[in-house]
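S.K.: There's a structure below that I have some questions on.
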Amino acid sequence: MAKEITPRSENYSQWYLDIVKKAGLAENSAVRGSMVIKPYGYAIWENIKEDLDRRFKETGHQNAYFPLFIPKSFLSKEADHVEGFAKECAVVTHHRLMNNPDGSGVVVDPSAKLEEELIVRPTSETIIWNTYKNWIKSYRDLPLLINQWANVVRWEMRTRPFLRTAEFLWQEGHTAHATKEEAIQEAKQMHDVYADFAESVMAMPVIKGSKSESERFAGALDTFTIEAMMQDGKALQAGTSHFLGQNFAKAFEVKFLNNENKEEFVWATSWGVSTRLVGALIMTHSDDDGLVLPPKLAPIQVVIVPIPKPNEKILEVANGITTKLKSKGISVKIDIDDKKRPGFKFAEYEMMGVPIRLGIGMRDLDKGVVEVARRDTKEKNAIPLANIEDYIENLLVEIQDNLFQKALNFRKERTSYVDTFEEFKNVLEDKGGFIYAHWDGTAETEEKIKELTKATIRCIPLDAKDEKGVDMISGKPSKNRVLFAKAY
RNA sequence: CGGGGUAUAGCGCAGUCCGGUUAGCGCACCUGCUUUGGGAGCAGGGGGCCGUAGGUUCGAAUCCUACUACCCCGACCA
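In the working numbering, the protein residues as written are 73 to 560.
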């Protein structure tokens, strides 16, 4: 076979890399840790972006764009923030190149050294809050609800396509509010937007919760997260929304006059998701035959394969179906390539995760049917041509639901509740996945568990029921269980 | 950044240990014919500064040094 994928059971991370490569999503570039997102992979990101952008606008946000470069001094203004990002910043020190006198090519012109170095943004809080200082004077200027679609750079030690790259695409929302309550409400609202998007569009079930202090965003008072389970049982943080308190307002002196003419610092949030979501999508649904995409994000929702190759009658039927599907907003591709045989195309579109494939051949047409193959279950059925567009429309919905249910069932099977550390270690070893256990709320036990098992607290679930228990390590009392897992 | 591995055509590999004329194979690609309901067959053909830079040698894919990238395992992280 031309394009074999390493089975998940054999080597999960190789399987992931094979899919990224063979489905044509991305490839490594000439730049360390940076990938080229290829057209098919970018089309998925565009679909993610389009849906999220609509949701942001529906919740009152506007898009804007801030500079890629941040003056170095800005990073020093918020202590926790700089500590979190300092170790992974790309720094611009010069602005000119010159021919090397020895003729060996270009070198940095030493006379073009910058007065103050520029940092390539690892996130934009600092440059944005420095700007907000000028935009906010009165309570009438609030709330300020801005989102930015951008690239950021974090110089990571080890990278993987989509999951962690030195440069990545994301959106970052940065909002300013008059009150603490309103800011917390905003952070929670965007947390909900992410969770709903993950579940209803990506068909990826997530656990909503807040981060423990040690896992919090650098500079945040509270970080809300959505955590998804990948097919190897590991957790992936898929989106975060932060309540930043007045930390950045104080660091950048962003004050407003309230309606009593008193000066106050504003309250802030920031929230983001990245191209990591494409990686999450892959690791949630795909199988050993390739990518599996939820219909709502698939660049091609239906592919029509003439069997064995296009002829006038087949194309007439295919075009008829296409017109009807397109009028329902369904994206369709007719593969008219007559150099490749059907079997090849079948495998190819399965690799690409196209949700529905229609096989149209004379043998079926004589009986008034076409073959409908669904990617998620691999089922094939002969479906009458009459009103096939309704059948397909419904099937897309069914596939979307099925993918979500399948992922949800998988998560249920791989979720455990344990009370002792012995049990915790055993479950982690044998079964992996998510583990709910009691925790005394201290960083010490959290750190100890991480040291001993590599598992971390993914979140303190929002819907955690009150349940008295004792911490597995310290034996101290606990009011509810928190979510542990090994994570990406 | 630490430990281990790899780098030869677009992809996957052999050749490297033990240096020797023109560097092979499979897939992919091009041409032609025959095919065509799950990755077609035959015939012919194109494609390589052997990761990069130095060094040793009459001669380097092969030996030595450095660098870079990728993979696996850690530490860090969305």
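Glycine is no exception: its CB is placed at the ideal position from the N, C-alpha and C atoms.
A quick note: this is a predicted structure, and the numbers were derived from the prediction, not measured.
Using CA atoms only, rank isn't needed, just tell me which of Pro549, Asp304 and Thr251 is closest to Trp87.
M.R.: Numbered from its first residue, the first sequence carries residue 87 at position 15. Among Pro549, Asp304 and Thr251, the Cα nearest to that of Trp87 is on Asp304.
S.K.: Are three or more beta carbon pairs between the region 224 to 239 and the region 325 to 342 nearer than 8 angstroms?
M.R.: As far as the Cβ criterion goes, the region 224 to 239 does not touch the region 325 to 342, which means the pair count is below three.
S.K.: Just list the residues that DSSP pairs Thr341 with in beta bridges.
M.R.: Here the question's residue 341 lines up with position 269 in the first sequence. Note: Thr341 sits in a beta bridge opposite Thr247 and Phe315.
S.K.: Please classify Val265: does DSSP put it in a helix, a strand, or coil?
M.R.: Taking the first sequence and counting its residues from 1, one reaches residue 265 at position 193. Helix, per DSSP.
S.K.: Helix or strand or just coil, what does DSSP make of Val92?
M.R.: Looking up residue 92 in the first sequence gives position 20. DSSP places Val92 in helix when its eight states are reduced to three.
S.K.: Would Glu443 pass as a contact of Ala454 if the rule is Cβ separation under 8 angstroms?
M.R.: Taking the first residue of the first sequence as 1, we reach residue 443 at position 371. Taking the first residue of the first sequence as 1, we reach residue 454 at position 382. A contact, by the Cβ cut-off of 8 angstroms.
S.K.: Considering only their Cβ atoms, is the gap separating Arg486 from Gly504 smaller than 8 angstroms?
M.R.: Against the first sequence, residue 504 aligns to sequence position 432. Against the first sequence, residue 486 aligns to sequence position 414. Taking 8 angstroms as the Cβ cut-off, Gly504 and Arg486 qualify as a contacting pair.
S.K.: Where does Phe146 fall in DSSP's three states?
M.R.: Taking the first residue of the first sequence as position 1, residue 146 is located at position 74. Helix.
S.K.: Could you tell me which residues DSSP pairs with Ser488 in its beta bridges?
M.R.: Working through the first sequence from its first residue, we reach residue 488 at position 416. Beta-bridge pairing links Ser488 to Ile507.
S.K.: Are the Cβ atoms of Trp117 and Leu241 separated by less than 8 angstroms?
M.R.: Residue 117 sits at position 45 when you count from the first residue of the first sequence. Residue 241 sits at position 169 when you count from the first residue of the first sequence. Yes.
S.K.: Near Gln243, what residues of its chain come up, given a Cβ to Cβ distance below 7 angstroms and the 5 sequence neighbours on each side ignored?
M.R.: Counted from its first residue, the first sequence places residue 243 at position 171. Excluding positions up to five away in sequence, the list reads Leu124, Asn219, Gln220, Trp221, Gly344 and Val345.
S.K.: For the pair the region 356 to 368 and the region 263 to 277, tell me if three or more CB-CB distances fall below 8 angstroms.
M.R.: The answer is yes - the region 263 to 277 touches the region 356 to 368, with three or more Cβ pairs under 8 angstroms.
S.K.: So Thr195 packs on Phe138, CB below 8 angstroms; how close in whole Å?
M.R.: As a position in the first sequence, residue 195 is number 123, starting the count at 1. As a position in the first sequence, residue 138 is number 66, starting the count at 1. Going by Cβ atoms, the distance from Thr195 to Phe138 rounds to 11 angstroms, so no, they are not a contact pair.
S.K.: For the 8 angstroms Cβ check, are there 3 or more pairs between the region 372 to 385 and the region 393 to 413?
M.R.: Yes, the region 372 to 385 is in contact with the region 393 to 413.
S.K.: Keeping to the same chain, check which residues put their C-beta closer than 7 angstroms to that of Trp207; ignore five residues upstream and five downstream.
M.R.: Your numbering for residue 207 matches position 135 in the first sequence. Around Trp207: Asp213 and Leu216.
S.K.: What ranges does the alpha helix (DSSP H) occupy inside the region 440 to 505, keeping only unbroken runs of at least 4 residues that lie completely in it?
M.R.: Segments of the alpha helix (DSSP H) lying fully in the region 440 to 505: 460 to 485 and 493 to 502.
S.K.: Do Lys551 and Asp535 have their C-beta atoms within less than 8 angstroms of each other?
M.R.: Along the first sequence, read from residue 1 onward, the residue named residue 551 stands at position 479. Along the first sequence, read from residue 1 onward, the residue named residue 535 stands at position 463. It is not a contact, given that the beta carbons lie outside the stated cut-off.
S.K.: Closer than 6 angstroms by C-beta to Lys558: which residues in its own chain qualify, once you throw out the five before and the five after it? Chain order, please.
M.R.: Your numbering for residue 558 matches position 486 in the first sequence. Excluding positions up to five away in sequence, the list reads Lys306, Lys526 and Ala527.
S.K.: Is Met262 buried or exposed, if buried means 16 or more other CB atoms sit within 10 Å of its CB?
M.R.: Residue 262 sits at position 190 when you count from the first residue of the first sequence. Per the 10 Å Cβ criterion, buried.
S.K.: Starting from the N-terminal side, write out each stretch of the alpha helix (DSSP H) that is 4 residues or longer and does not extend beyond the region 109 to 168.
M.R.: Listed in chain order, they are 111 to 130, 144 to 147 and 151 to 157.
S.K.: Helix or strand or just coil, what does DSSP make of Glu519?
M.R.: Within the first sequence, the letter at position 447 stands for residue 519. In the structure shown, Glu519 sits in a helix (DSSP, three-state: H, G or I).
S.K.: Measure the alpha-carbon distance for Ala300 versus Leu457 and round it to whole angstroms.
M.R.: Looking up residue 300 in the first sequence gives position 228. Looking up residue 457 in the first sequence gives position 385. Those two C-alpha atoms are separated by around 39 angstroms.
S.K.: Measure the Cβ-Cβ separation of Ser358 and Gly425 and say whether it is below 8 angstroms.
M.R.: By 1-based counting over the first sequence, the position of residue 358 is 286. By 1-based counting over the first sequence, the position of residue 425 is 353. Result yes, Cβ atoms of Ser358 and Gly425 sit closer than 8 angstroms.
S.K.: So, does the region 153 to 167 touch the region 104 to 120, judging by three or more C-beta pairs under 8 angstroms?
M.R.: The answer is no - the region 104 to 120 does not touch the region 153 to 167, with fewer than three Cβ pairs under 8 angstroms.
S.K.: Would Met423 and Gly362 be called neighbours here (beta carbons separated by less than 8 angstroms)?
M.R.: Taking the first residue of the first sequence as 1, we reach residue 423 at position 351. Taking the first residue of the first sequence as 1, we reach residue 362 at position 290. Closer than 8 angstroms, so yes.
S.K.: Could you have a look at Gln257 and say whether DSSP puts it in helix, strand or coil?
M.R.: Indexing the first sequence from 1 puts residue 257 at position 185. Gln257: helix per DSSP, three-state reduction.
S.K.: If the criterion is Cβ atoms closer than 8 angstroms, does the pair Ser403 and Ile428 meet it?
M.R.: Here residue 403 corresponds to residue number 331 of the first sequence, with the count starting at 1. Here residue 428 corresponds to residue number 356 of the first sequence, with the count starting at 1. For Ser403 and Ile428, no; Cβs fall outside 8 angstroms.
S.K.: For Lys398, which of Ile464, Pro414 and Asp90 has the nearest alpha-carbon?
M.R.: The residue given as residue 398 occupies position 326 in the first sequence. Comparing Cα positions, the closest option is Ile464.
S.K.: So, under 8 angstroms CB-CB, Leu430 and Val374 are touching, yes? Tell me the CB distance rounded to an integer number of Å.
M.R.: As a first step, residue 430 is located in the first sequence; it is residue number 358 there, counting from the start. As a first step, residue 374 is located in the first sequence; it is residue number 302 there, counting from the start. Sure, about 6 angstroms apart at Cβ, within 8 angstroms.
S.K.: Taking Ser282 as part of the alpha helix (DSSP H), name the residues at either end of that continuous run.
M.R.: Mapped onto the first sequence, residue 282 falls at position 210. Note, Ser282: premise wrong, no alpha helix (DSSP H); beta strand (DSSP E) at Ile279 to Ser282.
S.K.: Buried or exposed, going by whether 16 or more other CB atoms sit within 10 Å of the CB of Arg168?
M.R.: Start at 1 with the first residue of the first sequence, and residue 168 comes out as number 96. When all chains shown are included, Arg168 counts as exposed.
S.K.: Relative to the C-alpha of Leu97, which candidate in Lys522, Phe328, Leu353 and Val179 has its C-alpha closest?
M.R.: Residue 97 sits at position 25 when you count from the first residue of the first sequence. Of Lys522, Phe328, Leu353 and Val179, the residue nearest in Cα terms is Leu353.
S.K.: Comparing alpha-carbon positions, which option in Met434, Lys417, Ser85 and Asn459 lies nearest Ala445?
M.R.: Translated into the one-based positions of the first sequence, residue 445 becomes position 373. The shortest Cα separation from Ala445 among Met434, Lys417, Ser85 and Asn459 belongs to Lys417.
S.K.: Taking the DSSP output, what are the residues bridged to Thr295?
M.R.: Counting from one through the first sequence, the residue named residue 295 turns up at place 223. Thr295 pairs with His314.
S.K.: What residues in its chain sit with their C-beta under 8 angstroms from that of Lys205, if we drop five residues either side in the sequence?
M.R.: For the purposes of this step, residue 205 is identified with residue 133 of the first sequence, where counting begins at 1. Taken in chain order, the residues that qualify are Phe324, Glu325 and Val326.
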